[in-house]
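Residue numbers (my numbering), protein chains in the order written: chain H, 102 to 235; chain W, 102 to 235; chain V, 102 to 235.
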Amino acid sequence: MRSEVITVRTGDRPAVRDITGTAMEFVAGKGDGLLHVFVPHATAGVALIETGAGSDEDLLRALDDLLPADDRWRHRHGSRGHGRDHLLPAFVAPYVTVPVLGGRLALGTWQSIALVDPNGDNPTRQVRLSFLNG
Amino acid sequence: MRSEVITVRTGDRPAVRDITGTAMEFVAGKGDGLLHVFVPHATAGVALIETGAGSDEDLLRALDDLLPADDRWRHRHGSRGHGRDHLLPAFVAPYVTVPVLGGRLALGTWQSIALVDPNGDNPTRQVRLSFLNG
Amino acid sequence: MRSEVITVRTGDRPAVRDITGTAMEFVAGKGDGLLHVFVPHATAGVALIETGAGSDEDLLRALDDLLPADDRWRHRHGSRGHGRDHLLPAFVAPYVTVPVLGGRLALGTWQSIALVDPNGDNPTRQVRLSFLNG
């Protein structure tokens, strides 16, 4: 398994970052297999969504509606509402898997790999890319 | 990695389609490994749930409650509420992985592989089945 | 693929059980690859979250808020609200995948592998651990 860690800047506010380009470069020339994208963090997730057409902001809004960033949570430290950031990975898992064929991601036309980071306390995040040969 | 694409009819209304039978046929005779089921679409997901006992309809209802199909979303095109269809894959991911032992899916008694498609604008969907030898 | 099933006691009330230690032992000495953790049940999920700091209870509360355990669901049998237990795996999938490097889980500092079981009718659960060599 080939595996490497990249660093992604997510800034000091909730953010969705498209990392498809980096993933494409990582699998180029690697043949057929499975790409595993993993964030080794307890307050971030990875999603396969369309980016750049409004769904990035819609997703952050939906998370605010479904898991409010207020004081209701037991897990409290850092910024207000941080407890809900710790719930994110239960619903938006910290990994995705994507088939790779001939060194290319078999994504659909409108699918992108997006790092979802509601946590403004960590301006950079690590992402581990791994390739399993099929 | 062996990989193939099948087409599933989901119709012009929100639908949950059980594709376990097709997945079983795909892995038959393939030994031990991991089945990867992937939809290359930005408005569909794959879930492992019990089908045929009411949870299919319950899931569509829960999605309507949690991600209302109305005009609140920034991402707007197609039918009313289509923006929420674009959020679905962040919560119900467009892939599942299932262990395969001796050419058989290691699913539990009540688990089925279900294609979840809230989007009535696409009457058919593609599903990529891939098998990674262990 | 090496694969084995363990039994985890979850008790007669909704529970989140940390199984990271067992997973660490399972991958020890196995080199590089992917760990697949799978529950063959239709009313349980697996999450990668921080445990022991309140998020366990927060997750059970969030599930009660998002998927109320009442009589609204079509799927009815067992205890009151059991229909919502059947929706859990659509949102908290019954599997996770974790990279393994040199026989060690590549988890982040605050990540644990947690079995999520809202269903008090099943006091024990099976978990299948599988390792795919990379």
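Glycine is no exception: its CB is placed at the ideal position from the N, C-alpha and C atoms.
Same chain, Cβ closer than 6 Å to residue i, neighbours up to 5 away in sequence not counted
i	result
residue 234(W)	134
residue 167(W)	none
residue 217(H)	117, 146, 148, 193
residue 157(V)	117
residue 170(W)	182, 185
Minimum Cβ-Cβ distance from residue i to chain A less than 8 Å
i	result
residue 163(V)	In the displayed structure, chain A is absent; the protein chains listed are H, W and V.
Residue i in three-state terms, based on DSSP
i	result
residue 138(H)	strand
residue 207(H)	coil
residue 124(V)	helix
residue 234(V)	strand
residue 218(V)	strand
residue 212(H)	coil
residue 111(V)	coil
residue 129(H)	coil
Sequence-distant residues of its chain with Cβ nearer than 7 Å to residue i (five each side left out)
i	result
residue 112(V)	224
residue 114(V)	221
residue 174(H)	184, 185
residue 102(V)	231, 232, 233
residue 200(H)	135, 207
residue 195(V)	139, 140, 142, 145, 146, 147
Residues of its chain near residue i, where Cβ-Cβ distance is below 8 Å and the 5 sequence neighbours each way are ignored
i	result
residue 177(H)	183, 184
residue 104(V)	229, 230, 231, 232
Residue i and residue j closer than 8 Å at C-beta
i	j	result
residue 139(H)	residue 229(H)	yes
residue 118(V)	residue 215(V)	yes
residue 191(H)	residue 148(V)	yes
residue 187(V)	residue 151(W)	yes
residue 203(H)	residue 132(H)	yes
residue 122(W)	residue 142(V)	no
residue 172(W)	residue 162(W)	no
residue 108(H)	residue 212(H)	no
residue 189(V)	residue 164(V)	yes
**OP:** May I ask you to list, following chain order, the residues of the segment 178–194 of chain V that have a beta carbon less than 9 Å from some beta carbon of chain H?
**Re:** 192, 193, 194
Subject >> In chain order, each alpha helix (DSSP H) run of at least 4 residues that lies wholly inside the segment 136–205 of chain V >> reply: 156–167, 183–186, 189–192
Subject >> Proximal residues, the segment 139–164 of chain V versus chain W, C-beta separation under 7 Å >> reply: 139, 141, 142, 143
Subject >> Residues, ordered as in the chain, of the segment 197–220 of chain V that lie near chain W by beta-carbon distance below 7 Å >> reply: 198
Subject >> Interface residues of the segment 115–135 of chain V facing chain H [CB-CB below 8 Å] >> reply: 133, 134, 135
**OP:** Check distances from the C-beta atoms of the segment 219–234 of chain V to those of chain W and list, in chain order, the residues that come in under 9 Å.
**Re:** Here the close residues are 227, 229, 231, 232, 233, 234.
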